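A short write-up of the structure that comes next.
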Amino acid sequence: MAAAFAESLQREVDTAIREAASHRGGLRRRVAAACDRIRQQQALARAEALTPLFRADLLRRGRAIQKNRARLMQALKRFARVLPSGDLCESSGLSNVVVVFRVAQEALRVEEELAYWRQPLPCEEAWCAVCTAVREGGYRADAPLQLPAATEQQQHRRKERQEAALEHLLFPVCTNVGSGEEEETAAAAAAAPAIPWIALPCFCTVTHFCRHEQVPVVAAAAKGNSGSQPVNPGASGEEDDAMHDEMAEAERGVSSDGRVTQMVLDATAAHLGRLGVRAGDCSSSGEDEEAAESALEEVRLRVSLEVAARVTACRHAVESLAAGEDGMLLDGVTTVTAAAPLAVPVMALVLPPTEQLFFCIAYTIGAAILRDEQNERRAAATTSGTAIVVDDDDDDGGGWKGEWGRWMRQESCIGGADNAPVGPRLLRYLLEYVFCPAECESQRKGAAALVRPSTVRRWLELALGSVPDKDGAMDAMMTLYMNRR
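Take 25 as the starting number for the sequence shown in my numbering and just add one per residue.
Set out below in structure tokens:
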């Protein structure tokens, strides 16, 4: 009898403990969710203040891209006028293909740097400097007493050192927005840091256009398309239905901005935590470690909020410019119509269209290829009286085909692998309008360049990189090429 009573009592105690643990876990999750929402609101409030600065920075970047594209268009048009009857750089000894390649590649590289806003990765050395500045900021128990005036000045200097250390942690390179610099220096300000961490596309670049069949006017990070999942502070089957419904309702109330902001907050906090573990938070022999750790936690939160706010502000700026709230970024659109008169002046920044720029690049490269082909055939006929024969190892040899093959094997060059600005699309253009698989009337007249199918297939493999259904794409383009007459 006593044993049965003790067993029953033990079951009741176990049940009570499980219920208490369940409620405690639910309360802990509710507190964590509330803290997340508070941090999100703080980051969003900071982002709202930063958005005008990002809009101004994007407009400066847009003007720099506009000038860069205009210069490239002028250079390509000048090349196109010269190539039918002459060479571009006779004195340098470079082939026409190389000259066009270099000009186009440099312009597209500058555009890629300008088109992305980048947040550098906080490094361990900078975090250690922040920790040192915080620990020297008056958190040591053995800090000597000072006169009020001296203490105020000392605290002001320590505060300045902390701010400078935080500035270096967040912005190791000159990437601040709203600095008022001229457009000509925007490329240097937008240069990628040594260790890029977060990169947001702000413009549709020629590179992006050439990798995709259809692209939007502004490559903005549209709401809800970031691939992120709603932040779930915890999940437990033991949570009661009322608490679950309340948390689910709160979760549904989190906007897409809140989800993206929370993702950045979590990622930044996790990275700073790893830095603190590796560096030991640069701990010293200070006696008031608890106060110092509290100060470091405050700094970690501040850095996380600032990074999340900047990411969100950049997204807001791109979206507002695309929607025409107080300015518009237009890609190749020369006229703007409105159903009603605009209440406030609207700045319209028109960029040379990516499609037009691509065809200018493709046409000029094609003209350079044909000119080099004519020069090589003329030189071969003069020396040996025979025409040039293109073999399977043609892209490893000399002439324009050798230059073409070497450029395609380089990273970030026209026609080269995954990072190529215009690889597959440019090659398709050349297969349709410049190359021919066998001798024909156009080739004999100098309007086409003879390239064997085996060489074209090798180039296609380099240009397509790791695209989905690569074999099918290669077969389709080879069929198109072999049917050309």
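By construction, the Cβ of each residue, glycine as well, lies at the ideal position given by its N, Cα and C atoms.
The structure displayed is predicted, hence computed values, not measured ones.
Quick one: using the 10 Å Cβ neighbour count with 16 as the cut-off for buried, is N507 buried or exposed? As a working mapping, residue 507 is identified with position 483 in the sequence shown. Classification of N507: exposed, given that the 10 Å Cβ count is below 16.
So, M432 versus L486, is the Cβ gap smaller than 8 Å? The residue labelled residue 432 in the question sits at position 408 within the sequence shown. The residue labelled residue 486 in the question sits at position 462 within the sequence shown. The criterion of a C-beta distance shorter than 8 Å is satisfied by M432 and L486.
Quick one: grab the DSSP three-state call for R430. The residue given as residue 430 occupies position 406 in the sequence shown. In the three-state reduction of the DSSP assignment, R430 falls in the helix class.
Taking the continuous alpha helix (DSSP H) assigned at P567, which residues delimit it? What the structure shows of the chain is the stretch from 25 to 509, and residue 567 is not part of that stretch, so it cannot be assessed.
Beta-carbon contacts of N92 that lie in its chain and below 7 Å, excluding the five residues immediately before and after: One-based indexing of the sequence shown puts residue 92 at position 68. Closer than 7 Å at Cβ, skipping near neighbours: A131, V134 and E135.
Return the CA-CA distance between S490 and R326, expressed in angstroms with no decimal places. Residue mapping note: residue 490 aligns to position 466 of the sequence shown, counting from 1. Residue mapping note: residue 326 aligns to position 302 of the sequence shown, counting from 1. Straight-line Cα distance between these residues: approximately 40 Å.
So what does DSSP say about P522, is it helix, strand or coil? Residue 522 cannot be examined here, being either before or after the span of the chain that is shown, 25 to 509.
Local conformation of L112 per DSSP, three classes: In the sequence shown, the residue the question calls residue 112 occupies position 88. Of the three classes helix, strand and coil, the one that applies to L112 here is coil, per DSSP.
Which of the three DSSP states is assigned to C384 in this structure? To locate residue 384, count along the sequence shown from 1; it is residue 360. C384: helix per DSSP, three-state reduction.
Residues bridged to L474 [DSSP beta-bridge criterion]: Position 450 of the sequence shown holds residue 474. According to DSSP, which records beta bridges pairwise, L474 is partnered with C460.
Rounded separation between F195 and R95 - CA only: Translated into the one-based positions of the sequence shown, residue 195 becomes position 171. Translated into the one-based positions of the sequence shown, residue 95 becomes position 71. Between F195 and R95, the C-alpha separation is close to 31 Å.
Can you tell me the Cα-Cα spacing of A332 and A104, whole angstroms? As a position in the sequence shown, residue 332 is number 308, starting the count at 1. As a position in the sequence shown, residue 104 is number 80, starting the count at 1. Straight-line measurement puts the Cα of A104 at about 47 Å from the Cα of A332.
For V342 and L82, believed in contact at Cβ under 8 Å, the rounded distance: The residue you call residue 82 lines up with position 58 of the sequence shown. The residue you call residue 342 lines up with position 318 of the sequence shown. Between V342 and L82 the Cβ distance is about 7 Å, and since that is below 8 Å, they are a contact.
L296, DSSP secondary structure in three states: Within the sequence shown, numbered from 1, the residue matching residue 296 stands at position 272. Note: L296 maps to helix in three-state DSSP.
Nearest candidate by alpha-carbon position, reference R481, set E463, L100, T503 and S318: In the sequence shown, counting from the first residue as 1, residue 481 sits at position 457. Of the candidates E463, L100, T503 and S318, the one whose C-alpha sits nearest the C-alpha of R481 is T503.
Going straight from the alpha carbon of A88 to that of L394, what length do you get? Position 64 of the sequence shown, counting from 1, holds the residue named residue 88. Position 370 of the sequence shown, counting from 1, holds the residue named residue 394. Spanning the alpha carbons of A88 and L394 requires a straight line of approximately 33 Å.
Residue range of the unbroken alpha helix (DSSP H) whose run includes R159: Residue 159 sits at position 135 when you count from the first residue of the sequence shown. Per DSSP, R159 belongs to the alpha helix (DSSP H) from E148 to R159.
If you compare alpha carbons, which of R181, P477 and V123 is closest to L455? Walking along the sequence shown from the start, residue 455 turns up at place 431. Here the closest residue by C-alpha is P477.
Could you have a look at L450 and say whether DSSP puts it in helix, strand or coil? One-based indexing of the sequence shown puts residue 450 at position 426. Correct three-state label for L450: helix.
Endpoints, alpha helix (DSSP H) assigned at T503: Taking the sequence shown and counting its residues from 1, one reaches residue 503 at position 479. Counting along the chain, the alpha helix (DSSP H) containing T503 begins and ends at K494 to M506.
Pull up the distance between the alpha-carbon of R48 and that of L138, whole angstroms please. Numbered from 1 along the sequence shown, position 24 holds the residue referred to as residue 48. Numbered from 1 along the sequence shown, position 114 holds the residue referred to as residue 138. The alpha-carbon atoms of R48 and L138 are separated by roughly 50 Å.
Tell whether a beta-carbon distance below 8 Å holds between A473 and E379. Position 449 of the sequence shown holds residue 473. Position 355 of the sequence shown holds residue 379. Their beta carbons are not under 8 Å apart, which means A473 does not touch E379 by this criterion.
Closest to G390 by CA distance: which of L100, R70 and R84 is it? What you label residue 390 is simply residue 366 of the sequence shown in a count that begins at 1. Looking from the CA of G390, the closest CA among L100, R70 and R84 belongs to L100.
Chain-order list of residues whose beta-carbon lies under 6 Å from that of C338 (same chain, five-residue window excluded): To locate residue 338, count along the sequence shown from 1; it is residue 314. Short of 6 Å from the beta carbon of C338, and not among the five residues preceding or following it, lie these beta carbons of its own chain, in chain order: F78, W141 and L224.
Supposed close pair Y505, F459 - CB separation, criterion 8 Å: Locating residue 505 in the sequence shown gives position 481, counting from the first residue. Locating residue 459 in the sequence shown gives position 435, counting from the first residue. The distance from the Cβ of Y505 to that of F459 is about 7 Å, consistent with a contact at the 8 Å cut-off.
CB of G86 within 8 Å of CB of L375, strictly: For the purposes of this step, residue 86 is taken as the residue at position 62 of the sequence shown. For the purposes of this step, residue 375 is taken as the residue at position 351 of the sequence shown. Taking C-beta atoms as the reference points, G86 and L375 count as a pair closer than 8 Å.
May I have the straight-line CA-CA distance separating L65 from A291, to the nearest angstrom? Here residue 65 refers to the residue found at position 41 when the sequence shown is read from its first residue. Here residue 291 refers to the residue found at position 267 when the sequence shown is read from its first residue. A small correction: the amino acid at residue 65 is Gln; Leu does not occupy that position in the sequence shown. Each residue's alpha carbon lies about 17 Å from the other.
Tell me whether F233 is buried or exposed, calling it buried when 16 or more other Cβ atoms sit within 10 Å of its Cβ. Locating residue 233 in the sequence shown gives position 209, counting from the first residue. By the neighbour-count rule (16 or more Cβ atoms within 10 Å), F233 is buried.
From the DSSP output, which residues share a beta bridge with P76? The residue given as residue 76 occupies position 52 in the sequence shown. Bridge partners of P76: none, in fact.
Classification of A471 by the beta-carbon crowding that lies within 10 angstroms, buried from 16 upward: For the purposes of this step, residue 471 is identified with residue 447 of the sequence shown, where counting begins at 1. It is exposed - the Cβ of A471 has fewer than 16 other Cβ atoms within 10 Å.
Quick check: what's the CA-CA separation for A71 versus A56? By 1-based counting over the sequence shown, the position of residue 71 is 47. By 1-based counting over the sequence shown, the position of residue 56 is 32. Cα to Cα, the separation comes out at about 22 Å.
Buried or exposed: which applies to G297, given that a residue is buried once 16 or more other Cβ atoms fall within 10 Å of its Cβ? Within the sequence shown, residue 297 is the residue found at index 273, counting from 1. G297 counts as exposed, since fewer than 16 other beta carbons sit within 10 angstroms of its beta carbon.
Looking only at C-alpha atoms, which of T75, G50 and I41 sits nearest to R334? Numbered from its first residue, the sequence shown carries residue 334 at position 310. Nearest of T75, G50 and I41 to R334, Cα basis: T75.
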